[in-house]
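Presented below is the structure to which this report refers.
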Amino acid sequence: IERGVRFVQVFADVAKTPGGGVNDVPWDAHSDISVNHGMCGRSVDKPTGALLDDLKQRGLLDDTLVIYGGEFGRTSDSQGAKGRDHNPNAFTTWMAGGGVKGGTQYGASDTFGYKAVENRVSAHDLHATILKLMGFDHKKLTYRFNGRDFRLTDVAGDVIDALIA
């Protein structure tokens, strides 16, 4: 980042066993969620905090967008051996730096965490907001396929202005 790299992706791959494969990643906790997510959380908590501290100390946080999330949430009810199933209806993503309004909580789920019920954000909305924070107008950013222009955010994406500083 200090040398001008414009995009960095970090994948938090914590395998239960050394050299474990994709089916050995405990974030996908269909069983033993407290053990698996506890292990994963401990492995990323301090490094993530250190990254944010380092970016701030070096004066890079204001220009660096940090996004932490996954492709879905987890159901609140038990599945199998103390696990949780995939939940595309309620998920958490956090962002820092890069024009994000710090300390903002946006949206809420129902009592059981099964589905978003307040200030619902679709994947297209999240993408539109991220693109705006990166300096792009998501309505103008298109790609051509079969003779037609398509937006990355489809026709439904809206920028969530409440998240932008």
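With positions in the sequence shown counted from 1, the corresponding number in the numbering used here is that position plus 4.
Just so you know, even glycine gets a beta-carbon here, dropped at the ideal spot from N, CA and C.
In terms of Cβ geometry, Gly111 and Leu65 do not form a close pair [threshold 9 Å]. Under the DSSP definition of a beta bridge, Thr97 partners with Gly73.
The count of Cβ pairs closer than 8 Å, one atom from the segment 134 to 152 and one from the segment 110 to 124, stays below three, leaving the stretches out of contact.
In the three-state reduction of the DSSP assignment, Gly45 falls in the helix class, which pools H, G and I. Judged by DSSP secondary structure, Asp129 falls within the alpha helix (DSSP H) whose first and last residues are Ala127 to Leu137.
The C-beta of Ser113 has 16 or more other C-beta atoms within 10 Å across all chains shown, which makes the residue buried. The straight-line gap separating the alpha-carbon atoms of Arg148 and Gly74 is approximately 28 Å.
When the five nearest sequence neighbours on each side are left out, the beta carbons in the same chain lying within less than 6 Å of the beta carbon of Tyr72 are those of Trp98, in order along the chain. Taking Asn93 as reference, the option from Gly63, Gly103 and Ala127 with the minimal CA-CA separation is Ala127. Put simply, the backbone Cα of Ser80 is about 6 Å away from that of Phe116. Residue environment for Val12: exposed (fewer than 16 other C-beta atoms within 10 angstroms of its C-beta). Under the DSSP definition of a beta bridge, Tyr147 partners with Phe154. With contacts defined as CB atoms closer than 9 Å, Ser38 and Ala85 fail to qualify as a contacting pair.
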